[in-house]
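Have a look at the structure below before the remarks.
Residue numbers (this note's numbering): 1 to 1116.
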């Protein structure tokens, strides 16, 4: 039954099912036929042809009773044998011949033989009843030294252009040795330098061996003809979030990682062309260097996997594409391992570990500490660590990347394999169709795999140059901007697809398109300033087109892009413009006159008119929650700006005040420390509706009301996310450096908190800095004042365009900015505006005040929201009254108005009033009523501030201030007035003409009542330094040393402290005496002024003072 079959696979298309349906289909007639004639005849003769490791054997199938021999047994041995020997002990090959007939010729091979060896061979025929013929003649054959391949030429060059789009060439393969040469070709991409196609793969390379079961001739790939640059890069990874860098704590051990990847047939139906690898790590830190990187077949476990390629990279760095020597194409369903071995002694932990949500992924990651001799699963290696509880959620942070398809598939070889006898040769044709390849230069390796001994692969380099393919750019037929208002602009981003295989480039020197390549037929439309990279071949680009109508009406135009050859891409544009609404307010300032506490509310009216040609929509945010679409982004809280700059309310510059007993914090700032700890203000400061009693000073030139959570980075602006949640006052906006002369002082002056940045270093360029000075004052009423004492915009980085002068609410939703890097236009990209060029006006003497909104006396507004038709107006009614928390005197309310007028003439309606002091009273407050100023030197100048605050709501008059014993004096001119909520420093002068103890009571008399303050302290003696000489005038020969002894004596009655700051060529030796204190001072050539206190490192003997250059040369 088993041998009575007919051929099933030889009919029709059944060859594709070979092996799936057994050995054939059963022939009942054959099965019932009985054996009557016995065994078949013996094989009469056969031919043997040897190579280095195999021989071919050919014979004619002998006669048999049914004209069929089921199979043949081929016996072979290194020793001679005969038919009488035990043939079962010999090597043999069974050849199936049941579908052949007697008289047919048959040839087969026996391989895996030793070269230069004699083998003895015989054949025996067996019929389908199992009866064997007599053994044939025993013949001998000797294997030879094998074939030797040679290839004509060192490299093949192919060129395609518009006239000759198909390039062809040839090379010759010869066999220079005795054996029969068998060869088969495959091809791999080495590098592809495409002309402005995205992504640019750079130097990439491929594997030099066979990668899959598919031969080069069998593989059918459509990726190259259908190549679209937007499809790349492609990436395979199990990593979702880099979690940690790990490694063996024993630095004497190496660290290795192995990650398995599989080409998902659904995601990559055309296979995956592996071009580079990417190893993840944090951007800061030192981890690992120069690993040995290998690619293995993934069909078995890592311990027994076959090496495909050892990656030879030019340099290694994390978070960067590591190119392969030769790109490796993997068929759908195939898999591979990526292995990296880090030698022992790495400075950090080199293995990047990532988190993944894939529940099955942990089984694909392995770790080794013996360079891959043994491997352990990563999840098992993490046992006993902090990650043990979630060990199954970790994989290696490795990415397998594909930057382009396997371009080598565009090469066509004729033939792709062959057999060559000794001394003969074969010509192989090679052809490439450049019409489906992007213009550029490509490098390939033809890998010729042979049956030679030793190295069985020979590489034939192929260089292909493709040119002449034209761009073919698809754009929308018409870009319609719809309808907008004149004065507004609208920008649309459109996609441009270059379906051609040639790039649309701007010039011979670069692909990008610039102003010379971009034009518009209408002033109402404009294209982008530039298109980076032009329109690459087979890629989608995005360009911004803008409609900025200069007048009302329907507008159309064309934006044209022109490449270096004069090819044009035209985009038709259409838009409609309508004259906008125009806001007018009459009157803009409402005089509410005198308002008194307890009086009935008063009503005032003003008109809002629409002088434009489009309906005006308005809202007063203070009194309505409505919003206006397209409304201007205006400040809503109510701060008002005063300044010396044009366009603002007048505000005069004031020089930095002399602070009494200031605190200098300049030394606390460095590159890493840019924010102080909390500093008490001494009063409650209102800022955007909240009150703060402490602040944080920053070396970015300003104040924060809460610590930042995100790192501050230069330059700051109202768009800086790092300022979110802080609340900020900024006068500079870049991180300032501190020099020995720099000071950052804070203190009180007349009840205001003052921060003085003096001679701090601002960036000029690279490592060049220039000193600037400015100060900030914060008043208890919420006013913020910024004064620029020494500042020249033109001397600083980018002409000072990164200056940030403004205030920012914690939510960053209602900032008020005079200038910032986001507002400035340093490079004149757009039409100049007052905002974009304001940074150039900041100089020494510039002053800015952010005037805090006053207590609200406008109680209601009706209607607070509405629509006004063109040419019409609406009357708005306001109600005003006084509450008991308001202060007497002049005041105002600014009511912000938001409209759809793109360029409103005003942004707020101002109400002015005078609050009568009727029913109000002043209140005197002195925070410190017992002041001890300690010990002060005789003849020194000592001033003690006594801060008097008016905590009431009426003006307070200080009529007198006197001491009971007249032992201290007052410098203020009396009487003086203090506004409600304000403070004034009463300056007490301490007489220091003689040594004495002072203790006196100061009585302050005001119309709010009297109060007293005790002031005490001691005036002590003074030290007096006497020198034995004050100068040295000597002539000294070059190289000689001049020594002098300077005696210092103290003729005063207090201990004398002194220090030296010698010039570079002077050395000092200070003798130690009992109870003496030694300190060292040095000056540098860049400052020559500031002294530094050093810890004494001289435990005995004399301390030696060295010149500054000594410390520069002996820094260890």
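C-beta atoms are modelled at their ideal positions from N, C-alpha and C, and glycine is treated no differently. Since this is a predicted model, take the numbers as computed values, not measurements.
task: Sort out for me which residues DSSP pairs residue 100 with in a bridge.
output: Note: residue 100 sits in no beta bridge, so no partner.
task: Please report the Cβ distance between residue 87 and residue 75, rounded to the nearest whole angstrom; I am assuming they are in contact, meaning their Cβ atoms lie under 8 angstroms.
output: 6 angstroms
field: residue 222 burial status per 10 Å Cβ neighbour count (16 or more: buried)
entry: Residue placement at residue 222 cannot be trusted, given a pLDDT of 26 that sits under 50; the coordinates are not used to answer.
field: Nearest candidate by alpha-carbon position, reference residue 100, set 958, 559, 124, 60
entry: The residue with the shortest Cα to Cα distance from residue 100 is 60.
task: For residue 391, name the three-state secondary structure that DSSP assigns.
output: helix
task: Grab the span of the beta strand (DSSP E) containing residue 373 for me, first residue to last.
output: Unbroken run through residue 373: none, as it is neither H nor E.
message: If distances are taken between C-alpha atoms only, which option among 118, 857, 184, 441 comes closest to residue 190?
response: 441
Distance between residue 153 and residue 179 (C-alpha atoms, nearest Å): 23 angstroms
task: Report yes or no: do the region 952–960 and the region 1005–1025 share at least 3 C-beta pairs separated by less than 8 angstroms?
output: yes
- prompt: What are the boundary residues of the alpha helix (DSSP H) that residue 552 is part of?
  reply: Here residue 552 belongs to no alpha helix (DSSP H), and DSSP marks it neither H nor E.
- request: Kindly give me the distance between the Cβ atoms of residue 118 and residue 58, rounded to whole angstroms, as I take these residues to be in contact under 8 angstroms.
  value: In fact, because the Cβ distance is near 19 angstroms, the residues do not count as touching under 8 angstroms.
message: Taking only three categories from DSSP, how would you classify residue 475?
response: coil
- request: With distances taken Cα to Cα, identify the nearest neighbour of residue 55 among 656, 1022, 143, 858.
  value: Taking only the C-alpha atoms, the option nearest residue 55 is 143.
- request: Look up residue 315 in the DSSP assignment and say whether it is helix, strand or coil.
  value: coil
query: Thinking C-beta only, is residue 408 closer than 9 angstroms to residue 187?
result: yes
Residue range of the alpha helix (DSSP H) that includes residue 837: 834–837
query: By the 10 Å Cβ neighbour count, where 16 or more other Cβ atoms means buried, how is residue 904 classified, buried or exposed?
result: buried
- prompt: Taking the alpha-carbon positions, what's the residue 853 to residue 636 distance?
  reply: Looking at the two C-alpha atoms, the distance is approximately 11 angstroms.
Whole-angstrom distance between residue 697 and residue 669, CA atom to CA atom: Going by the C-alpha atoms only, they are around 10 angstroms apart.
message: Can you check which of these residues, 690, 394, 734, 233, is closest to residue 699 by C-alpha distance?
response: 734
task: With DSSP as the reference, please indicate the residues paired to residue 963 in a beta bridge.
output: 1002
- prompt: Using the C-alpha atoms, what's the distance from residue 349 back to residue 294?
  reply: 20 angstroms
task: Identify which residue in 969, 524, 568 has its Cα closest to the Cα of residue 577.
output: 524
message: Using DSSP's beta-bridge definition, name the partner residues of residue 761.
response: The beta-bridge partner set that DSSP reports for residue 761 consists of 737, 771.
query: Exposed or buried, residue 781, counting other C-beta atoms within 10 Å across all chains shown (16 or more means buried)?
result: By the 10 Å Cβ count, residue 781 comes out buried.
- request: Can you tell me the Cβ-Cβ gap for residue 133 and residue 39, rounded? I've got them flagged as a contact below 8 angstroms.
  value: 5 angstroms
message: My output table needs one value for residue 488: the three-state DSSP class, helix, strand or coil.
response: coil
- request: Pull up the distance between the alpha-carbon of residue 1024 and that of residue 740, whole angstroms please.
  value: Near 28 angstroms, if we compare the C-alpha coordinates of residue 740 and residue 1024.
- prompt: Pairing CB atoms from the region 462–469 with CB atoms from the region 425–437, are three or more of them under 8 angstroms?
  reply: Yes: the two stretches touch, three or more of their Cβ pairs being nearer than 8 angstroms.
query: Does the Cβ of residue 587 have 16 or more other Cβ atoms within 10 Å, making it buried, or fewer, making it exposed?
result: exposed
task: Within 10 angstroms of the Cβ of residue 1030, are there 16 or more other Cβ atoms? Answer buried if so, exposed if not.
output: exposed
query: In or out: residue 517 buried (at least 16 other Cβ within 10 Å) or exposed?
result: buried
field: Anticipated Cβ contact below 8 angstroms, residue 402 with residue 233, distance rounded
entry: 6 angstroms
Inter-residue spacing [alpha-carbon to alpha-carbon] between residue 366 and residue 377: 4 angstroms
query: By DSSP, does residue 1035 sit in helix, in strand, or in coil?
result: Under the three-state reduction of DSSP output, residue 1035 falls in the coil class, being neither helix nor strand.
message: So for residue 184, helix, strand or coil by DSSP?
response: strand
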